[in-house]
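If you read the sequence shown in the working numbering, its first letter stands for residue 23, the second for the next number, and so on.
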Amino acid sequence: MVCIMIPERFSTRVLHLNCRHCQTIFTERGMKAKLVAQPGTFRYSTDVRPYNCALIEPACSENASNILNKTCACFAQEVGCLGCGTIVGYFIVHPCSTCNTRSTNGHLWVFYLDNIEEIFRLKANGRDYIHWDQLDDEVNCKNQCLDSDMVIR
């Protein structure tokens, strides 16, 4: 299953997520979460469209079928870093009905642990961590829309 869940969203620390290979910044709204179908498997995710990433057309990616055919019918596209070209994760284009009925965090942008560097996001005082319950939950719909120029063909 490609959808992710986390049991205690509001107690989770917010993360900066960067490319481990070239240090390109992807998001300031990241979290570490478990996969729905494999609770022992973790990924990073975000609820807004990440910076410096592009979708990779399924025909161009050798691993596209591996992501799409795990254990559910979610449709996902791989995401590549615009800084170095590394495939860093995937975007859940259309969650399946099984995943929609599970308790998920609603994040559609997912990143592989091996390709990401996490940095805890701190409050202005530079000491205290920011948690998800301290963020604005309103996400601009435009962040979820896909522009045609953001697809690698």
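Note that CB positions come from ideal geometry on N, CA and C, so glycine has one too.
Query: Exposed unless 16 or more other CB atoms sit within 10 angstroms - verdict on R42; Result: buried
Query: Whole-angstrom distance between A55 and Y151, CA atom to CA atom; Result: 17 angstroms
Query: Beta-carbon proximity check, I78 vs G102, cutoff 7 angstroms; Result: yes
Query: Residue-chain proximity (W131, chain B), Cβ-Cβ < 7 angstroms; Result: Absent here is chain B; the protein component of the structure consists of one chain.
Query: Distance between beta carbons of Y66 and I12, contact taken as under 8 angstroms; Result: Since the first residue shown for the chain is 23 and the last is 175, residue 12 is missing from the structure and cannot be characterised.
Query: Element boundaries [alpha helix (DSSP H), containing N122]; Result: S119 to T123
Query: N- and C-terminal bounds of the beta strand (DSSP E) containing H38; Result: L37 to C41
Query: Presumed contact (8 angstroms Cβ cut-off) between G51 and L157, rounded CB distance; Result: In the sequence as displayed, the identity of residue 51 is Arg instead of Gly. Confirmed, about 7 angstroms.
Query: Residue range of the beta strand (DSSP E) that includes V110; Result: I109 to H116
Query: Helix, strand or coil at L77 [DSSP, three-state]; Result: strand
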